[in-house]
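Worksheet: the structure to be examined is printed underneath.
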Amino acid sequence: MFEQTQIQEFKEAFTLIDQNRDGFIDKEDLKDTYASLGKLNVKDNELEDMLKEATGPINFTMFLNLFGEKLHGTDPEDTILNAFKMFDPDAKGFIHKDELQKLLMTQADKFTPEEVKQMFQSSNIDTAGNLDYKSLCYIITHGEEQEE
Numbered sequence: 846m847f848e849q850t851q852i853q854e855f856k857e858a859f860t861l862i863d864q865n866r867d868g869f870i871d872k873e874d875l876k877d878t879y880a881s882l883g884k885l886n887v888k889d890n891e892l893e894d895m896l897k898e899a900t901g902p903i904n905f906t907m908f909l910n911l912f913g914e915k916l917h918g919t920d921p922e923d924t925i926l927n928a929f930k931m932f933d934p935d936a937k938g939f940i941h942k943d944e945l946q947k948l949l950m951t952q953a954d955k956f957t958p959e960e961v962k963q964m965f966q967s968s969n970i971d972t973a974g975n976l977d978y979k980s981l982c983y984i985i986t987h988g989e990e991q992e993e
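In terms of the working numbering, the sequence shown opens at residue 846 and continues consecutively.
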């Protein structure tokens, strides 16, 4: 997920935030970190919301996982898969590329033609023009598929 130099930088950041040096980031650590940056009026519920983003106590491994998800900017695979399933009422496992292109270029955060082209280059599309969205979800969340 990360290169060794990135991991070292995250370790340094973790150490700066872990103010009491107990190996875990807790609410007091966050409050102290904000205070050291000059922000003294952070509400407890804001800090608690930050801590709730983790599935457990925030040790260095959890810290890396949280940043991995944030930096890669992707939702969990099942969330993306469920979004695609909304456009596949018959649960075939694919969406025709023309239909998907129309949706991507006209709804919400509209894609440019170049962005659609780039996505299709990374996608598994059969000769009938059907895009296998399960494999695309894997690519989005894990990176390019491994060649076998």
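Using N, Cα and C, we set each Cβ at its ideal position, and we do this for glycine too. Quick caveat, the model's predicted, so the values are computed rather than measured.
Checklist line | Cβ contact (3+ pairs, closer than 8 Å) linking the stretch 901-916 and the stretch 856-869 | finding: yes
Note to self: Assuming contact is defined by CB atoms lying nearer than 7 Å, are residue 922 and residue 986 in contact in what I supplied?
What the structure shows: yes
Note to self: Please report the distance separating the alpha-carbon of residue 991 from that of residue 867.
What the structure shows: With a pLDDT of only 47 at residue 991, under 50, the local geometry of the prediction cannot be trusted, and the value read off the model is given with reservation. Roughly 39 Å between the two C-alpha positions.
Next item on the list: Would you mind working out which of 949, 912, 971 sits nearest residue 964, comparing C-alpha positions?
Entry: 949
Next item on the list: Mark residue 993 as exposed unless 16 or more other C-beta atoms lie within 10 angstroms of its C-beta, in which case mark it buried.
Entry: Since pLDDT at residue 993 reaches only 44, below the 50 mark, its modelled position is unreliable, and the value read off the structure follows with that caveat. Label assigned to residue 993: exposed.
Margin query: Taking 7 Å as the threshold (C-beta atoms), are residue 974 and residue 941 in contact?
Written below: yes
Checklist line | Nearest-angstrom beta carbon gap, residue 872 and residue 893 [assumed within contact, 8 Å] | finding: 7 Å
Checklist line | DSSP three-state assignment for residue 923, whether helix, strand or coil | finding: helix
Check: If you compare alpha carbons, which of 955, 959, 937 is closest to residue 978?
Finding: 937
Notebook entry, point to check: Roughly how many angstroms separate the alpha carbons of residue 883 and residue 858, rounded to a whole number?
Noted result: 17 Å
Item checked: From 982, 848, 869, 854, residue whose alpha carbon lies closest to that of residue 928 -> 982
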